[in-house]
Structures are given as C-alpha cells and as structure tokens.
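Chains as they are written, first to last, in the working numbering: chain A, 27 to 287; chain B, 27 to 287; chain C, 1043 to 1317; chain D, 1043 to 1317.
First comes the structure, then the notes that go with it.
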Amino acid sequence: MSDDWSADEMMTVAAARQLRDKTACFVGIGLPSTAANLARATHAPDLVLIYESGCLGAKPQRLPLSIGDGILAENADAVVSVAEVFNYWLQPGRIDIGFLGAAQLDRFANINTTVIGGTYASPKVRLPGAGGAPEIAASCREVIIVVRQNLRTFVDRLDFVTSVGFGSGPGDRARLGLRGDGPKAVITDIGILEPDPRTCELTLTHLHPGATAEQARAATGWPLAVADDLRTTRPPTAEELTLLRQLEASKTSSQAGAGVA
Amino acid sequence: MSDDWSADEMMTVAAARQLRDKTACFVGIGLPSTAANLARATHAPDLVLIYESGCLGAKPQRLPLSIGDGILAENADAVVSVAEVFNYWLQPGRIDIGFLGAAQLDRFANINTTVIGGTYASPKVRLPGAGGAPEIAASCREVIIVVRQNLRTFVDRLDFVTSVGFGSGPGDRARLGLRGDGPKAVITDIGILEPDPRTCELTLTHLHPGATAEQARAATGWPLAVADDLRTTRPPTAEELTLLRQLEASKTSSQAGAGVA
Amino acid sequence: MAEITSLRHAVASLVHDGDVVAMEGFTHLIPFAAAHEVIRQGRRDLTLVRMTPDLIYDQLIGMGCAKALVFSWGGNPGVGSLHRFRDAVENGWPTPLQLEEHSHAGMANRYVAGAAGLPFAVMRGYTGTDLPENTANIASIVCPFTGETLTAVPALQPDVTIVHAQRADRRGNVQMWGITGVQKEAVLAASRSLVTVEEIVDELAPVPGQVILPSWAVTAVAEVPSGAHPSYAHGYSERDNDFYVRWDAVSRDRETFLAWMEQHVLESANVGRQT
Amino acid sequence: MAEITSLRHAVASLVHDGDVVAMEGFTHLIPFAAAHEVIRQGRRDLTLVRMTPDLIYDQLIGMGCAKALVFSWGGNPGVGSLHRFRDAVENGWPTPLQLEEHSHAGMANRYVAGAAGLPFAVMRGYTGTDLPENTANIASIVCPFTGETLTAVPALQPDVTIVHAQRADRRGNVQMWGITGVQKEAVLAASRSLVTVEEIVDELAPVPGQVILPSWAVTAVAEVPSGAHPSYAHGYSERDNDFYVRWDAVSRDRETFLAWMEQHVLESANVGRQT
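Listed below in structure tokens is the structure:
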C-alpha cells in the first residue's frame, strides 16, 4: 500500500470508477454516497443519484451526512415519497446500479445486515436490519458491493440472508424471480472481486496497488478463487484524490457546524 | 310550479340543502357542482369539495365548467393525482357525501350511465360510461342522486347497472361488501325520494311547491311508493335564489370569455 | 435521457400501426397537437387508452385510427355526447370499435400497477355492477391475511404514452403543474413516451404542486406551443370552452366532421391551435 | 376538523397504554418532542411502528414504553448502533422487545395499503431472503391475470400516528415540505393522528414540493417549535449532527442513559430542544 493514499481512499475511488455517466444509481449513505459523488465530480457529471429518502437526481454541494440530509432535497430533480421511490422507481427496474454495504458477505455475494451469532430471536449482535437493501439487490439492473475485506465479514456461511446476491449459485436469481442481474463487483480495501460468469462465485480479479493475493485469501472465510489474469487496480489519480479529499472535508466542516442552527 | 323559480332551480336548492357544513363532498360536474357551491355560499361555508380531477378542498370563485377546470386547482387545499383521490381519499371511506346523476334509475336507486337499448356490445344509445360513479356509490358514507324525473329515466329495470344503490334490496350492500350507507335521497325536479328504511325502495317523501303526487307517479316507471306524511319542500329563499343565479351567471360569463385566452 | 426533437419525428419514430397508445390529461394538458400528428401520419389499428376519451379520441376514432378503446368515461365534458365515438360503437363507422370499459378508479389503478412494474393492482371496486361481466380484465382476489375478497385489475402497459406539459429544460426534464391527473403514472407505465411542452427553458424554476418527469424516464420531448388546445395549459392558456360547444355540431355529422378534419388537421402544418 | 391543542393534552387524549403507535419522519421532521411527552406521561406496552427507529425509539425503548417494534432499519444514521434497541433485543432490558422486521419497501407499502383502506399491498420483495421465515406478516400472492407469484404484506393501521411538520394554519391544515418520507401515508393509515408543527400561521403560503394534510384528515395539531430536534425541519432548523454522535456515548451505558433522560426529558418542561 502506498503512502500517498489510504486503503479506504483506494476503495472509494475504485467504487466510483464503476459508475458510468448518464446512468441512475441508488445510493446508500456512507462510502457508497462518497463514491457516487466522487464519480459525479470526475468522469460522470450526469450520473443520476437516487436516495431512498425520496430524492431523485440529487446534486448535493457537499457530502450528505445522512440519507435524509436536507441538502439532498435542495437541488434534486424531484423529491417524492419513500413509497414512490420504491414502487415507481426501484421496483420496475428503472435504476441501473445499486450500491450496497454488508456486515457479512458470502461467496455468492449474498448479504447479511440483520443479526450475527445466536438465533434470530436471541442474537449475539443485533444489526440495523434490511432497510432498502433486499429490494435494491433484487431490482437494480446491477449491484455493486463496497465492504472492507476481513474474516469477520467474508464468511463461509451467513448467519442471516438479508439481501440476495446469487443465492446458492447459477440460475437462482431467475428461479427466485429477481429481475436485476445481481452483483457485478465487490470492491474492498484489498481489491475487486467479480462473479465468475459460469459459477457465480466471487473471484478476485484486481488487487489494489501494494496488496497481495495472500493477503486477500487470509481475509476471506472461504477458499478464495483468484483470476488467472489477476490485474492491479490503477492507483488513484491526483485529481481523484484531491476531489475525494475535498468531498470528505466538506462533510466534516458541515458536521462541525451543523449543531449551531 | 311557481313563477318565481324554475323546477331546476328548486332541484338545485333542495340538493344544496342536503349538504351539512364541515363535511367532505365528492362533486361531479353540472348540477351537483352547482348545488355544492350553492351550499358553500349559503349554510355550509366549510363544506370540503372534492373533485375527481385531484382537487381536495376546492374553493372555486365561479362555477367550474368542467371537472378539471383550472379554477378548481387554484385555491384548493391540495391538488393530488387522480389515483390518489380514489385510493387515499374515496376508497377508505373518508368522504361523507357523494353526488351522482343518472341516465336511468330504478326503485332501489341503482344507476345506469353506460348503454340504453340493444345489447352492451351493440347498444341503441351509447352513454359516456362509469367514470368515478361505481366507487363513489360504493365508498362515500352517503350518496345523493340528482336527476330529472321522467319515464325515460325512472325505469322499472335498468339496461345496465353502472353503480349500485341498494342492489335488489335490503342487505345487498353488506353482501356485496359496499362500505358506504348508499343513497340517502334522490332529488328531482318534482320532489325528493328517500329509501324506505325497511324495504330500501325509493319513496316519495317531499313534493316541491306546486308539484303533485300524480305528476310524480306519472313520471315514474314503477308503482311509486308515496310517504304517508308527504311534505312540501320549503321553497327557495330569496338569498338562495340570488346566490344560485349569481353562480350560474359566473359560469356563463367565464364560458363566453374563455375562448379568447 | 430524453431526446429533444420535432413532433413530426417523435410521432414517426414512437407511434406505430397496431400500438397500444395512451394519451392522458384530465381536462387539462390534453395532447391535441400530438394526436393531430398521429392522424396526419395515418396510423391505423391503434388500441387507444384514456380515462376520458374527450374530443381528442373522438377525432382519432372518427378518422379511423383506432381498432379498440380502453376507457372509463367517454363524453364531451359539460356538453354531451362524443358523436364520433358513438357512431363507431353504435354503427361501426368508420370501422368497428372494440371497447374495454372500466371505472376511473380501475383505470387509475391500472396505470399505477404499470408504473410500479406490477402485473396487477388491488382495489375496492366494480362490485355489484354489470361491468365485470362485460369487461374481461376485472377479477377477484383474496387477501392472504384477512380472507377478504377484493377486486384486481391488470396493469396498463402502453407501447407509448403521450402527454402535454408546461415546460421542459434542455436536458429533457419535464415539469407540469395544476391538475396533473394520471400523467406521471401513464408515462412511467409505458415502454416509450413522448411529452409535448409549451416551451423549452434553460432552468425549471420550481412551482408549487409541480410534477417532474426526469429526463431519463422520458423517451422524447417536443416543443409544441399551444399543443393542448382546445384544452388548457395552467399558467399558459385557458380552456377554449367555445370550441367544446362547437364540436358538438361539427362532430354530429360525418361529412361535416371529415371536412373539418381535412381543413384544420390534415392540411394544417404542425401547429397547436386550429379553430 | 383537527383540534388545535397543547402537546400535553394531545398525547394524553390520543396515546393510550397498549396502542400501536407510529412516529414517522425520514431523518427529517422526526417528532422528538411528542415522543418525549409520551415518555413523560409514562405510556407502557406500546407497539412502536417506524421504518427507521433512530434515536427517538431508542429513547422510548430504553424508557420501557414499548413491548414490540415493527421496523425496517434500526440504527443511528451515520454513527452506528442504537444501544438501547440492542440492549432490549440482546438482553431484554428494560423489558423484552418483540420484533416484526420488514424491508423499507415492505413497510412503505404497508402504510400505502393502510392509507388506501386495503387489507394488504402487493409488491416484489423479500424473495430469497430469511425475512419471510422470521416475520409472520409476509405472504405470497398470485396474479389472477398472469399467474405470476408476488409478495403481499398486510396494511399497517396504527391506533395513532404522530408526525412533525413545518406549519399548520388556524383551521388545522398541515403543510410540510423537503423530504416527507411516508408521513402522509402514516397519518392516513391511522385511526387517530397528532401533528406537531414549528408554527401555526394565518395562511399557508404554497411551497414547491409541499405535502398538505387537510384539517379533516388530522385529529390534533400542536404547536411545538423545534419539536423535531435533534432532527431538522427544512426551512426552520438544521440537523444537530453532533447530538447524534454524542448519543452514542450517552446511550451505551444504562445508567448514563437513565440519568440523561431524567435530566433532559423527565424533568424538562414541554420544550422541543434538549441537549
């Protein structure tokens, strides 16, 4: 890993690069929102940002601090009800890319954000739950998952399936009637995993500069498939880093000032 | 019939009097709209007018010329989608009174506005159809029907049931799952008919000044029940007539001027 | 993203013979100019969908563009009958017209289901009326939680929906306000859409009560000033009520109707207002 | 027509022990002051309904007001866990909390069905997840036209819904704008409703993007300036993000939490802002 940028910065830049201009992107708060706004500031000025709070075509001037940050409503093309976001915009498959995080992820890119350990009724750790994720995972044309890679997260078996990636493998999405294509990439702080077109199993296809396949294997709770033509992610450009840091700074300054109002 | 007012004026005034203040009224265009606006101008200033075009709490400054007249949107409490009017406002039973007209009406206040004569596929007269009426008749807490009384309209048997009054008699509304109470009164140019509480059959309970029960019977295509205590409608007051004529004049003048814009 | 183009080109590329076409606008913002272009281009065998057929469909039906009509109220509002519609139903002139007839609530819910990507909508409606036995697309459905029986209607999914709006910006975002009816749902329910607008502007200044159709949810936008005449565009024009009254006489007779259409629509350039 | 009254009176008359209570507001316009009044009045055995439980329900749960929670995402947005919620689920403190867990889409549709007077809503959702086997209120339903299998969720019909809005007029008509979430549906779905507002004004000047709740669809309105703090009221106040961060430490420990609630809520008069 270079001294010039952090692993999280590389992860965010790699995620931003996944977003094509003039597509519609369903954005969760946190890293997905940072990545989507970075994409808008760099190669995808006409990226349409959709937040589940009801903001279609949001154009925040700083990074939003929450999914219902007022700045999202201010320059949005439209602000609609939460029911409308899900029913008229997400459900019919109008949204090109959905961005998800995960507390646990398995080799078929299924996601758990509900409970860890114990039973559902009496869990060891109670996580926030589903939010918009099950339907984002089902209905966006493609899904990108952004998550730090480690043994706590990359598990052999999920404690709870909150959102479906490829289920138990090829054909499962069609059998379940899920209309989007499913996960296209998992962006981590180590590299990029993509589903094998034949088996649907997540395969390490890119390593970020400085990272190693051994490091990735050691951070994965199943025998990690590695692509024959394993590539190295292009490092963040100076422009990407500058804009990313400006975005992060805008968030911190607004956070510091927000209690005054 | 007096020289001082027309039968249509008496009918409109009698219809307006049916509307209680601070209730919500689903208004169709034409005579119902005139009556509702007359009520608002006289005894029911806080009558909430709802038009199926999406205007909730419309406060037109003149009589609207159509159900989607722009004047309805201008001072309305809210303008919502047509789907919302029916789904969030009419369907759950939030609306106190619905106002309907009829091309044919039977003794149980069922209404036909679809076809007359021939068959459905090949009718003698093709009428406009259902519009909002079936669900207004089903879901408003009460329904008032305003219609001129004659043998063409007051028929023994409908050619088509577009909207249900009391179906084939007592208990039918409950059996069909219709949640409103059904027709409360039929206001005609001759008098007022109300359903018999026991049989649900329309019964002449009021005659307008100058009208006779014989005249009502002769205008009805079934043996008309007449109340024992048949009363005479209170004639229009000077205030009611003045305000009604002002409303009608506002409609004519805006109609004359509307083509210029 | 929506293509900004001419009305002629938009109709030629989006509306094909045999299509299911919805033109919406509840009294307000009725896309008359676009319908006239469809008539001029001689489209045939259309299944026309619209809650309130109004004069716009009277003209399309009378000119022989339609083989079927899906609707809930077919009259000349405040005036009387639609004579071309009646002539087609009662006498099969100029061609027979197959009807699929619903209530307003049913039609609105069918558009909602279409916009939501669902095959059907659930509602309370039609019960006890003669509509279900004459309309194939009405069914019963039982609530899996309460056992209650309700009514189901299938989604409307037009091949193309055409609406008129007040404004669009140069990126193709559409803004409408006032009475906006079922236009949003009708556009979202369709495979393709065309929006004619009073004007194209640099910036869409927000307006209370506005409905926005984002550019990426619209296929084509065409600037057609007065494109809703004789209906109205709130903030731009008033309804030509005289025209609605005059239409009764024009449309009552087949020859008068044809002569009027010849003079005011077929020979006319692409303009919004013909009186 | 809505009664305009005090917060104390409104909560006392509308919220009863054992009620199903929804408090909505998606990050924006969260009715904190009303929740504090519910805590002060010592309501018990509530079934709390809310898409995003947030700090407001962390406080109600930690103070022992709730026996059950119906929700779709329970976290401190941008900060982390809701510690009182977790303590109740993981350790049953102060009392066990029964969960009914949905997705956002499911919850939103449940409110839509409630607002529409239908017993259930149809959607595409939950398929392939572990939610259906752990949540009783998710079922399958078959389209009577296409045979396709979809998901049904039952209507939410709270005994009382509480929301915060920017303004009401003196007749009790309510106006809100900015992000308005599911508030309209939540109010319309409920038997009774309470709306706290930043201010009561003579006239509601129209605002782009406004949602209006007519007076006759609302039970009670109470003027509570800053009643959404630490969330925000678009046009009136900004979100107190520091408070959300500080809450993590306050709520992590039972005693610290109780002391904070004692000082800032129980001993506090009916004011909107406690920090």
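Ideal Cβ positions, reconstructed from N, Cα and C, are used throughout, including at glycine.
| Query | Result |
| --- | --- |
| Close Cβ partners of Cys81(B) (< 7 Å) along its chain, the five nearest in sequence each way excluded | Leu98, Ala99, Ala102 and Val105 |
| Span separating the alpha-carbon of Ala1264(C) from that of His69(A) | 29 Å |
| DSSP state of Glu220(B) mapped onto helix, strand, coil | strand |
| Outcome for Ser1233(C) when other beta-carbon atoms lying within 10 angstroms are tallied against a minimum of 16 | exposed |
| CB contact below 8 Å: Ala1064(D) versus chain C | no |
| Pro1248(C) at chain A interface by Cβ criterion, 8 Å | no |
| Positions along the segment 1196-1224 of chain D whose CB lies within less than 7 Å of some CB in chain B | Asn1215 |
| Span of the alpha helix (DSSP H), counted from its first residue to its last, around Val1229(D) | Gln1225 to Ala1231 |
| C-beta contact flag for Asp1201(C) and Val1063(C) at 8 Å | yes |
| Under 8 Å from the C-beta of Asp1172(C): neighbouring residues of chain B | Thr140, Tyr146, Phe186, Val187 and Thr188 |
| Ala287(B) (DSSP reduced to helix, strand or coil) | Confidence at Ala287(B) is low in this model, with a pLDDT of 24, below 50, so its placement is unreliable and the value that follows should be read with caution. Three-state result, Ala287(B): coil. |
| Assigned exposure category for Leu233(B) - 16 Cβ within 10 Å defines buried | buried |
| Separation of Ala1207(D) from Val1237(D), as counted between CA atoms | 7 Å |
| Between the CA atoms of Glu161(A) and Thr140(A) - distance to the nearest angstrom | 15 Å |
| Spatial neighbours of Ala1076(D) in its chain, beta-carbon cut-off 6 Å, leaving aside the 5 residues before and after | Ile1204 and Thr1238 |
| Spatial neighbours of Ala61(A) in its chain, beta-carbon cut-off 6 Å, leaving aside the 5 residues before and after | Thr38, Ala41 and Ala42 |
| Boundaries of the beta strand (DSSP E) in which Val252(B) is found, first to last residue | Ala251 to Thr258 |
| Beta-bridge pairing of Glu1143(D) - partner residues as DSSP gives them | Phe1113(D) |
| Simplified DSSP state of Gly1314(C), which is helix, strand or coil | Because the pLDDT of Gly1314(C) is 45, which lies under 50, any placement of that residue in the model is unreliable, and the number read from its coordinates should be weighed accordingly. Gly1314(C) falls in the coil class under three-state DSSP. |
| Local Cβ density within 10 Å of Arg224(B), reported as buried at 16 or more and exposed below that | exposed |
| Proximal residues, the segment 114-128 of chain B versus chain D, C-beta separation under 8 Å | Tyr114, Gln117, Pro118, Gly119 and Arg120 |
| CB of Val74(B) within 8 Å of CB of Gly127(B), strictly | no |
| Identity of the residue in Leu64(B), Pro235(B) and Ser194(B) nearest Asp47(B) by Cα | Leu64(B) |
| Cα-Cα separation, Thr1137(D) to Ala1130(D) | 6 Å |
| Thr1188(D) at chain A interface by Cβ criterion, 8 Å | no |
| Cross-strand partners of Glu1241(C) (DSSP beta bridge) | Arg1209(C) |
| Inter-residue CB distance, Leu153(A) and Ala135(A) (contact presumed, cutoff 8 Å) | With 8 Å as the limit, Leu153(A) and Ala135(A) do not qualify as a contact, their Cβ atoms being about 18 Å apart. |
| At least 3 beta-carbon pairs within less than 8 Å: the segment 1154-1169 of chain D vs the segment 1302-1312 of chain C | no |
| Closest Cα partner of Ile76(B) within the set Ala67(B), Thr49(B) and Arg88(B) | Thr49(B) |
| Selection from Ser1310(C), Thr1298(C) and Val1287(C) that minimises the alpha carbon distance to Gly1122(C) | Val1287(C) |
| Cβ-Cβ separation, Ser1273(C) to His1078(C) (assumed contact under 8 Å), whole Å | Rounded, the Cβ-Cβ distance is 13 Å, inconsistent with contact. |
| is_contact[Leu88(A), chain D] using C-beta, thresh 8 Å | Leu is not the amino acid found at residue 88(A); the sequence shown has Arg there. False, the Cβ-Cβ gap to chain D never drops below 8 Å. |
| contact_flag[the segment 108-116 of chain B, the segment 1239-1257 of chain C] where n(CB pairs < 8 Å) is 3 or more | no |
| Straight-line gap, Ala163(B) to Gly195(B) (C-alpha atoms, nearest Å) | 15 Å |
| Chain-order list of residues whose beta-carbon lies under 7 Å from that of Cys226(B) (same chain, five-residue window excluded) | Phe134, Phe192, Gly195 and Pro196 |
| Same chain, Cβ closer than 8 Å to Arg1126(D), neighbours up to 5 away in sequence not counted | Asp1100, Gln1101, Ile1103, Gly1104, Ser1293 and Phe1299 |
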